[in-house]
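> As given, the protein sequences belong to chains A and B, one line each in that order. First residue of the first sequence: 16, per our numbering; consecutive thereafter. First residue of the second sequence: 16, per our numbering; consecutive thereafter. Even glycine gets a Cβ: it sits at the ideal position worked out from N, Cα and C.
There are 2 protein chains.
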Amino acid sequence: MQISSRFTIAVHIFACIDTFKDNYKITSDFLASSVNVNPVIIRKIVLQLRNAGLVETQRGSGGVTIAKALKDINFLDIYNAVECIEKGKLFHFHENPNCQCPVGRNIHNILDSKLEQVQNALENELKQITLAEIIKETQYYISEENKNKNNAIS
Amino acid sequence: MQISSRFTIAVHIFACIDTFKDNYKITSDFLASSVNVNPVIIRKIVLQLRNAGLVETQRGSGGVTIAKALKDINFLDIYNAVECIEKGKLFHFHENPNCQCPVGRNIHNILDSKLEQVQNALENELKQITLAEIIKETQYYISEENKNKNNAIS
DNA sequence: TCTTATTGTAACCATAAAGGTTACAATAAA
DNA sequence: TTTATTGTAACCTTTATGGTTACAATAAGA
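1) Out of I32/B, S19/B, E131/B, point me to the one whose CA is closest to I149/B's CA.
2) Excluding the 5 residues flanking S158/A on each side, which residues of the same chain have their C-beta closer than 7 Å to its C-beta?
3) Select from the segment 86-102 of chain B all residues with a C-beta closer than 8 Å to any C-beta belonging to chain A, and list them in chain order.
4) Rounded to the nearest angstrom, how far is the Cβ of K6/A from that of A136/A, given a contact under 8 Å?
5) Between G78/B and chain A, is any beta-carbon pair separated by less than 8 Å?
6) What is the DSSP secondary structure of N163/A, reduced to helix, strand or coil?
7) Please list, in chain order, the chain B residues whose beta carbon lies closer than 8 Å to that of T153/A.
8) If you drop the 5 nearest sequence neighbours on each side, which residues of the same chain put their C-beta closer than 8 Å to that of I60/A?
9) In terms of DSSP beta bridges, what is I81/A paired with?
10) Less than 8 Å between the beta carbons of Q214/A and L105/A, yes or no?
11) Since Y94/A is in the alpha helix (DSSP H), which residue starts that stretch and which ends it?
12) Can you grab the Cα-Cα spacing for the pair F35/B / I41/B, in whole Å?
13) Just to make sure I have the definition right: I need the residues of chain B whose C-beta is within less than 8 Å of the C-beta of A136/A. Which are they?
14) State the Cα-Cα distance for the pair V52/A and Q63/A, rounded to the nearest angstrom.
15) Which ranges would you report for the alpha helix (DSSP H) in the segment 26-62 of chain A if only whole runs of at least 4 residues count?
16) Reducing DSSP to helix, strand and coil, say where I149/B ends up.
17) Put F22/A into one of helix, strand or coil per three-state DSSP.
18) Taking the straight line between their C-alpha atoms, what separation do you get for V118/B and C99/A?
19) Kindly list, in the order they appear in chain B, the residues whose Cβ is closer than 8 Å to that of P112/A.
20) Going along chain A, which residues have a C-beta under 8 Å from A30/B?
21) Determine the burial state of C114/A: buried for a count of at least 16 other Cβ atoms within 10 Å of its Cβ, exposed for fewer.
22) According to DSSP, F108/B sits in a beta bridge with which residue or residues?
23) In the DSSP assignment, find the unbroken alpha helix (DSSP H) run with K86/B in it and report its ends.
24) Taking 8 Å as the CB-CB limit, is T145/B close to chain A?
25) Return yes when the Cβ of H107/B is within less than 8 Å of the Cβ of S19/A, no when it is not.
26) Need the endpoints of the alpha helix (DSSP H) that E140/A sits in, please.
27) Kindly indicate which three-state DSSP category S76/B falls into: helix, strand or coil?
28) Taking 8 Å as the threshold (beta carbon to beta carbon), is Q63/B in contact with chain A?
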């Protein structure tokens, strides 16, 4: 299993919106061009982000905007928005362990809390990383490029 | 995405082997009965565990045994054995971000270390949990059942 | 040696998810 | 009224999961 590319695309979308919001209208075509996927893929992901209250969209006139302060959106918010994870569980448990067997009828007692512990570790780490941090990194790398460009000119 | 049930089945298999090793020959049929899946499913998972050096099997005569000390097998070993994760990466990155776009050509710089940080958090937590702990829990829950049974008899 | 039990493995199958595409109604603004 | 855009339906392909039947290879016991 892998976390689907919807997650990295979603982060990419946020980076684009913030970087280009003053100079471009952020349409699904615009985003599709940067991410390099079909615009409908972008629209589906943007819809998931909108349903989670992370972005706002305008039908007809177009354009996507970020709905919250950058520091108030973290990777877990995005993960939960785009990753359709069954019952919120990271681990898929085999369905019908044999309750005639001492191990089979106790396997949930034995495992459930451990699996929860692992899932919490993942979620806590996702929670630590906010869009504020990502946008700062984005600005840094773009400004470094511009520095190099200016050096080449001068 | 979810971590596949191969993982919980694999842990279940280890719990069974240790619990019943003195009183039963641990065949794929025996394990299949406790887990409640087709014996071939068990054999495929046991093969993955064998390829990872975690168990030993005997063709013909049959039987599965644990290949290492219980404290030397952790959840990450089992996870890596049964979860065929592409290039070892937890996150699937969109393939071809547009290098004409400042965000597109920097998105890996921006994201890669963050994704690695999250994957490390997951793997470290998996590493903390050993089979020794799981077997201890298994014995505890089974002994509790036996206590209750004895109480009912007396 | 023959029989039996068991593993390893191939060859299928069904279902679901991911990722993608075309098409178009609904909408908003110029 | 026209145009641009979103939301959405209806498809498609590919891959992974989980499952099944069948059988050759193997090891041990009768």
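Let's see:
1) Mapped onto the second sequence, residue 149/B falls at position 134. When each option's Cα is compared against that of I149/B, the closest is I32/B.
2) Residue 158/A sits at position 143 when you count from the first residue of the first sequence. So no residue of the chain qualifies.
3) F90, E98, I100, E101
4) Any property of residue 6/A remains undetermined from this structure, which presents chain A solely from 16 to 169.
5) If you number the second sequence from 1, residue 78/B lands on position 63. No - not a single Cβ of chain A is within 8 Å of the one on G78/B.
6) Counting from 1 along the first sequence, the entry for residue 163/A is found at position 148. It is helical.
7) Here residue 153/A corresponds to residue number 138 of the first sequence, with the count starting at 1. The answer, in chain order, is V118, N121, I125.
8) For the purposes of this step, residue 60/A is identified with residue 45 of the first sequence, where counting begins at 1. Contacts found: R21, I24, A25, I28, V97.
9) For the purposes of this step, residue 81/A is identified with residue 66 of the first sequence, where counting begins at 1. Note: I81/A sits in a beta bridge opposite V70/A.
10) Absent from the structure is residue 214/A, since the part of chain A shown begins at 16 and ends at 169.
11) Position 79 of the first sequence, counted from the first residue, corresponds to residue 94/A. From DSSP, the alpha helix (DSSP H) with Y94/A extends over 90-97.
12) Within the second sequence, numbered from 1, the residue matching residue 35/B stands at position 20. Within the second sequence, numbered from 1, the residue matching residue 41/B stands at position 26. The straight-line gap from Cα to Cα measures roughly 7 Å.
13) Position 121 of the first sequence holds residue 136/A. Going along chain B in sequence order, the residues near A136/A (Cβ under 8 Å) are A136, L137, N139, E140.
14) Position 37 of the first sequence, counted from the first residue, corresponds to residue 52/A. Position 48 of the first sequence, counted from the first residue, corresponds to residue 63/A. Rounded to whole angstroms, V52/A to Q63/A spans 17 Å at the Cα level.
15) 43-50
16) One-based indexing of the second sequence puts residue 149/B at position 134. I149/B: helix per DSSP, three-state reduction.
17) The residue given as residue 22/A occupies position 7 in the first sequence. Helix at F22/A.
18) Along the second sequence, one-based indexing puts residue 118/B at 103. Along the first sequence, one-based indexing puts residue 99/A at 84. Answer to the nearest angstrom: the Cα atoms are 26 Å apart.
19) Walking along the first sequence from the start, residue 112/A turns up at place 97. Neighbours of P112/A on chain B, chain order: H27, S49, V50, N51.
20) The count along the second sequence starts at 1 and reaches residue 30/B at position 15. Per Cβ cutoff of 8 Å: V118, I122, I125.
21) Locating residue 114/A in the first sequence gives position 99, where the first residue counts as 1. Its Cβ having fewer than 16 others within 10 Å, C114/A is exposed.
22) Within the second sequence, numbered from 1, the residue matching residue 108/B stands at position 93. DSSP, once it has assigned bridges, lists no residue as partnering F108/B.
23) In the second sequence, residue 86/B corresponds to position 71, counting from 1. Unbroken run through K86/B: none, as it is neither H nor E.
24) Indexing the second sequence from 1 puts residue 145/B at position 130. T145/B does not count as touching chain A.
25) Walking along the first sequence from the start, residue 19/A turns up at place 4. Walking along the second sequence from the start, residue 107/B turns up at place 92. Closer than 8 Å, so yes.
26) Position 125 of the first sequence, counted from the first residue, corresponds to residue 140/A. It spans 122-143 - the alpha helix (DSSP H) in which E140/A sits, taken as one unbroken run.
27) Translated into the one-based positions of the second sequence, residue 76/B becomes position 61. Reduced to three states, the DSSP call for S76/B is coil.
28) Position 48 of the second sequence holds residue 63/B. So, not an interface residue.
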